[in-house]
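Please read the structure below before turning to the comments.
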Amino acid sequence: MSLREPLARGDWRSSTISVEARRAFRTVWNYLVVEDDLTQLPDSSMDAIFCFGSRHFRVPQTASTLLQLNVAPLALITGGPSRSGERPESDLFADAIVASGVERSRLVVEREALHTGENVTLGMAALLEHCEATSIVGVAWPLAARRVVATFALHHPEIRVYSAPALRMTGWRWCPTPKRVGLMLGEFDRLTTYRNLGWVRSDAPSATVQEAAEVLRGEHLRLTHLPELVGRAGRFDASGFDDAFFDVEAPWAAVEAK
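Each number in the working numbering corresponds to the 1-based position in the sequence shown with 74 added.
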């Protein structure tokens with residue numbers, strides 16, 4: 075399978091999303107995708123980039139860019155194997171970052187974490203062997219950005235955390251598609267569950283954000299029936315539900331093949 079390029083903003087699939095749902099998508103996006111202005115950092119350099127494992131190929135790309143801009147002297151890459159027998163996500167990410175031109179000596183790899191809480195606790199323990207970090211830039215799959223910040227707030231409130239979600243460029247927002255609506259609702263509900271269980275430290279979303287999430291739920295319910303409604307007319311391609319930003323073959327596959 076070849077690497078698929080991200081879809082253009084004008085991709086036809088967004089036309090299936092109602093205007094009200096597009097506005098709701100923007101509202102919930104702005105809540106979940108915490109993005110700090112790294113040009114306004116109080117220090118000339120952060121102590122470390124904190125890179126969270128995922129299947130999102132832009133995460134190592136973003137970490138590599140920040141390292142090459144000398145935002146921090148090193149990066150902590152955290153993530154264990156997602157399936158039995160697979161290489162740890164952190165090793166895959168590290169290979170991709172090195173392939174982009176970053177010296178491997180600038181990377182600290184944590185290979186055991188299986189969820190965000192362990193990413194933070196085990197990652198900080200590994201980082202402590204190299205430096206006593208007081209400030210980090212967190213790089214993660216965009217929709218997980220608030221969860222990352224909230225997990226640090228629980229386990230390491232003394233650390234100043236700046237968020238750099240893995241986006242094509244600063245300020246970029248995904249075009250809403252049926253699958254992305256589902257992914258967004260999944261992350262929104264996950265964050266709510268984690269907060270209720272005490273696994274993160276985060277304020278509840280505003281009424282405006284909660285109302286927007288409910289609009290998306292209604293839209294998601296409608297969209298789940300869309301294929302059967304229009305499929306026979308030949309106007310719907312089920313493969314279009316693949317999310318080009320998330321469910322994608324990562325560039326490190328080429329690194330492993332060498």
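Glycine included, every Cβ here is placed at the ideal spot set by N, Cα and C.
Whole angstroms are fine: how far does the CA of residue j sit from the CA of residue i?
i: A219; j: G212; result: 8 Å
i: P155; j: T136; result: 21 Å
i: V108; j: G256; result: 19 Å
i: S164; j: G127; result: 6 Å
i: H189; j: T267; result: 14 Å
i: S92; j: A278; result: 26 Å
i: C249; j: T90; result: 12 Å
i: T282; j: T139; result: 35 Å
i: F233; j: T225; result: As written in the sequence, residue 233 is Ile, which differs from the Phe given in the question. One C-alpha to the other measures close to 11 Å.
i: A173; j: P134; result: 10 Å
i: D110; j: L297; result: 33 Å
i: R264; j: A207; result: 28 Å
i: W103; j: G245; result: 11 Å
i: Q114; j: D169; result: 30 Å
i: R291; j: L271; result: 23 Å
i: R157; j: V223; result: 26 Å
Assuming contact is defined by CB atoms lying nearer than 8 Å, are residue i and residue j in contact in what I supplied?
i: L217; j: M258; result: yes
i: G191; j: T152; result: no
i: C125; j: L143; result: no
i: A95; j: S119; result: no
i: A227; j: F262; result: no
i: A187; j: N193; result: yes
i: H204; j: L148; result: yes
i: N210; j: V176; result: At residue 210 the sequence reads Ile, which differs from the Asn that was named. No, these two residues do not count as a Cβ contact at 8 Å.
i: R269; j: S276; result: yes
i: W215; j: H130; result: yes
i: H229; j: T195; result: yes
i: R221; j: V274; result: yes
With a 10 Å radius around its C-beta and 16 neighbouring C-beta atoms as the bar for buried, classify residue i as buried or exposed.
i: R306; result: With a pLDDT of 43 at R306, under the threshold of 50, the modelled position of this residue cannot be trusted, and the question is left open.
i: L106; result: buried
i: R97; result: exposed
i: D121; result: buried
i: P231; result: exposed
i: R178; result: exposed
i: H299; result: exposed
i: L166; result: buried
i: P162; result: buried
Just checking residue i against the ligand GDP - is the residue's beta carbon closer than 7 Å to any of the ligand's heavy atoms?
i: S280; result: Here there are no bound small molecules, and the ligand GDP is not part of this structure.
With residue i and residue j assumed to form a contact (beta carbons below 8 Å), what rounded beta-carbon distance in angstroms separates them?
i: A247; j: R100; result: Checking the sequence, you will find Arg at residue 247 rather than Ala. Rounded, the Cβ-Cβ distance is 7 Å, consistent with contact.
For the segment 237–252 against the segment 181–194, are there 3 or more C-beta pairs whose distance is under 8 Å?
-> no
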